[in-house]
Amino acid sequence: VHFYLVNDDNGAPPVDAPLDYIIYEIFEMVEETNIYYTNGMKFFVCDITTDAINSTWLQNTQAGVANLYNAAHYAEAVNVYIVKKLDKGALGTASVIGQEYAAVALVGVGSAINLAHELGHNFALEHTQRSGIAYLPDNSCNPNPLWSVVCENCNSCAGMTCPLCTGDYISDTPVDPGPGYIEPTVYNPNYYTLCPDPGTNPCIVIENGVPLPYEYYPDRTNLMSYYAFRDHFTSMQLNVLLASLLTHPNRAFLLDTELPECSNITQPDVFYVAQKGKVNRVRQTSSSYEFDPMDEVRINVFEESSSQNCVKVSSTAGEYAVTECTGQFSEDEDYAIGQFLPGNTSGIFEHNNGVTTFDVLTIRRHVLATEELERPYRWIAADVNNSGSITTQDLLIMRKVILGIGSFQQVPSWRFLPEYVLHPQFMFEPYFENNPFTAIWYSSGGNRTYLASQSPSGKSYLDDITLNLLDPDVSMPANWSFRGIKSGDVDFSADVSVPMLNEDHGYSFSADPHTCLETGQTAVVLVKANAPGKIDGYQMGIRFDEGAVQILGYNQGDVSPFSLDNFGETNINDGELRTMWIDYAGSPIVLNNTTKNLFKLHIKALRQVCDIEDYIELDHTIIENLFYDPDLNLKPVSLTLELQPEEIKHKVLSVYPNPTSDAVTFDVELGEAATVSIQLLDSSNTSINSSGSYAAGIHSIAFTSTSTLLSGMLTYRVTIGNELYTGNIVKVN
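Here the sequence shown is numbered in the working numbering, starting from 90 and rising by one per residue.
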């Protein structure tokens, strides 16, 4: 095997590591690959060329192996090209037996499973899932006309290789639908969920949400499959591999009566610890990832034998000094590395950094199944309750963070993915990118899932990792590096260094002239909006003169649903109020150049107030003032304050718990005796009701059970006299 490192235009190699490490890993990879080839075949490193190809385009190739082979090759060997990136996130690609050359492209070094798989293609093996579900488990044709057109009927096979009915032409590999899913196309209107990975047999394929009546038993550990944990070829596959080498004319060039001339390159055995690791915020675009250095992140390099912390702080370049904790040379010592949570609490670690109504609206689209979030990093950012799913509960937590009345309790402000888990040797990255909630990192220290509570090791793959300084992996800076994911920030807008400044988008209040309020007089301030089209959501930071105006409460205007939970009063005594609004069911505020009252502020004058806009204003330093249309574009809106010297008689003080698993209580305050009617409705419009007459004062009205209502979003309507209050709560299982 002749290896080529595909450098970029400037000569930088495809792997960010010392050359000795790359060469060491190539030898290790080939040696382990030979373990899988138990048929008499053996691969050996003939040469490693480090400077023949210098092309950024080829280093990030989307063209497969042909262009790489044309750029440089050794005619009498299998040519393996180490690249940085392949098309569609693949970790490898290869020529096939029908081509007169043998070539493989691999992303990075270290994965023998990956190399063994791609070499299999060089010697006539197909993917086990080649035909998908064109065949049923017994090798008969799938009766669905969409699939049977590519089917050949044959129900038995005695030879080494067989017709297409076995999917991969190999007689002893079971029919394999493959992992993942099949999305609808012009030719196939159906959505298929195939065999879960990880998962167990039998595999039941699901078509448009309906399980098909067939039980598949794929070989989930076959090296030519797409499943995560692979460790063998079948007997017939091994026979085909050897027969292809010995008899196929397109591989005759690999047979020699004498060993070919190879370089005297040998495997290095001396390693140094990488001097620095990096901490970058990862930003996901539609086609790639971009990285922003994170400043003042505290990383703990923990020496396990002495239980000694060594906390290093990242620089403006996102780098921290590894060897100041470990020393420069290899020794038999374990170090656990991860973020130092006690020190990562302020500045960019403030929970509301980068979390806005835009994120809530974007995640709502995912929850309502109108537009799925891109995987994997947006999914992790959206799961702020650490459930391994994205639901309305995440939106409710984010609302509290935006309003300054809560924080992320189940996840830290920033989560850090160790880049070590993305090393090709683990074959983790494709499964992580397909679904971060189901991906498993198969590590020597114990397998890890997304949720620590479900991991055999008791740790998430997002937790700290342990490196032994005798492991050559410690030579790679990437293995000491981390990708930062800001909780709640699905548009990657969080600041990664201080100072953090809110942007002023130009929104402001105006007010019509009004009669002066005298000291002690109460009034209602209508907060009104006018704009073309619709508003899908908003947030506002309101500054008021606490020496002149006291805010007594809030009430519903023209906009539904209304909830007291849409207001944040943490700094109310300092003259700061936060508010936001979205409809979790997806309905916008329809304005169409009309004026609507967004909500009402109930105030009391502490001294004479003659122009309300002098005392209540928008302030972007509290939170950014943002109004979004249904396309999630910032929307120009005219905002006015209208003061009415009258008093709202009643209030809904609180609705709790929210979320709830069953019981719900409403606390109301009546300014005078009145009838209170409450209706709770679920998504099917099933309702439970309460109605009664109450004296002036504060009352708690409880629904002891909501068992007749469906889980999910519940809507409430509270009518007190002629005043109406509406809002939402979430019912969980």
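Even glycine gets a Cβ: it sits at the ideal position worked out from N, Cα and C. In this text, all values refer to a predicted model and were calculated from it rather than measured experimentally.
query = Comparing alpha-carbon positions, which option in D358, Q148, Y276 and K548 lies nearest L108?
reply = D358
Limits of the unbroken beta strand (DSSP E) element including L666 = E665 to W670
task = Say whether the segment 458–469 touches the segment 428–445, bearing in mind that this needs 3 or more beta-carbon pairs closer than 8 Å, one atom from each stretch.
result = no
ask   = Whose CA, out of N662, N557, D663 and L641, lies closest to the CA of L653?
value = L641
F521 (DSSP reduced to helix, strand or coil) = helix
task = Mind reading off the beta-carbon distance from H691 to V807? Whole number of angstroms is fine, and I expect it under 8 Å.
result = Not confirmed; about 16 Å, so no contact.
ask   = Going by DSSP, which residues form a beta bridge with W530?
value = R537
query = Apart from the five residues on each side of it in sequence, which residues of its chain come closer than 8 Å, Cβ to Cβ, to A600?
reply = D700, I701, E702, T729, L730, E731 and L732
key: Option nearest D562 by Cα separation, candidates D320, D105 and N822   = D105
inquiry  = Under 8 Å, with one C-beta from each stretch per pair, do the segment 300–312 and the segment 506–518 reach the 3-pair mark?
reply    = no
request  = Return yes when the Cβ of L666 is within less than 8 Å of the Cβ of I631, no when it is not.
outcome  = yes
ask   = Under 8 Å between the Cβ atoms of L327 and R319?
value = In this structure, L327 lies away from R319, with their beta-carbon atoms at least 8 Å apart.
query = Which residues share a DSSP beta bridge with T445?
reply = Note: T445 sits in no beta bridge, so no partner.
inquiry  = Using only CA atoms, which one of E392, R387, E706 and S395 lies nearest to K401?
reply    = Nearest to K401 by C-alpha distance, out of E392, R387, E706 and S395, is R387.
inquiry  = Distance check for G626 and T446, CA to CA, integer angstroms please.
reply    = Roughly 7 Å separates the two Cα atoms.
query = Considering G642, what are the terminal residues of the beta strand (DSSP E) in which it resides?
reply = V638 to Q645 is the extent of the beta strand (DSSP E) around G642.
query = Straight-line CA distance for H603 to L615?
reply = 13 Å
query = Using CA coordinates, which residue listed in R372, Y361, Q397 and F212 is at the minimum distance from L335?
reply = F212
query = With respect to the alpha helix (DSSP H) encompassing N328, which residues constitute its N-terminal and C-terminal limits?
reply = S324 to T336
ask   = Does the beta-carbon distance from D98 to T145 come in below 8 Å?
value = yes
ask   = Should the segment 338–353 be called in touch with the segment 222–238, which here means at least 3 C-beta pairs below 8 Å?
value = no
ask   = Which value, in whole angstroms, describes the spacing of the CA atoms of L343 and V167?
value = 8 Å
key: Whole-number beta carbon distance between Y704 and A637, since they are thought to touch under 8 Å   = 5 Å
ask   = Would Q218 be called buried (16 or more neighbouring beta carbons within 10 Å of its own) or exposed?
value = buried
request  = Give the straight-line distance between the Cα atoms of G197 and I137, rounded to the nearest whole angstrom.
outcome  = 14 Å
query = Would you say R370 and V90 are within 8 Å of each other, going by their C-beta atoms?
reply = no
ask   = Do M325 and S220 have their C-beta atoms within less than 8 Å of each other?
value = Between M325 and S220, the C-beta gap is not smaller than 8 Å, which leaves the two residues out of contact.
inquiry  = Can you find the residues in the same chain that come closer than 7 Å, C-beta to C-beta, to Q417, ignoring five residues on each side of it along the sequence?
reply    = Y361 and V362
request  = Please say whether Y315 and P273 have beta carbons closer to each other than 8 Å?
outcome  = no
query = Would E347 be called buried (16 or more neighbouring beta carbons within 10 Å of its own) or exposed?
reply = With fewer than 16 other Cβ atoms within 10 Å, it is exposed.
key: Beta carbon of E215 nearer than 8 Å to that of D265   = no
key: beta-carbon T608 near the ligand SAH non-hydrogen atom, thresh 7 Å   = Although the ligand SAH was asked about, the structure shown includes no ligands whatsoever.
key: Residue interval of the alpha helix (DSSP H) (run including F116)   = L108 to Y125
inquiry  = Just verifying my parser: in three-state terms, what is the DSSP assignment at V196?
reply    = strand
task = Decide if K131 is buried, meaning its Cβ has at least 16 other Cβ atoms within 10 Å, or exposed.
result = exposed
ask   = Any idea which residues DSSP pairs M629 with across the strands?
value = T668
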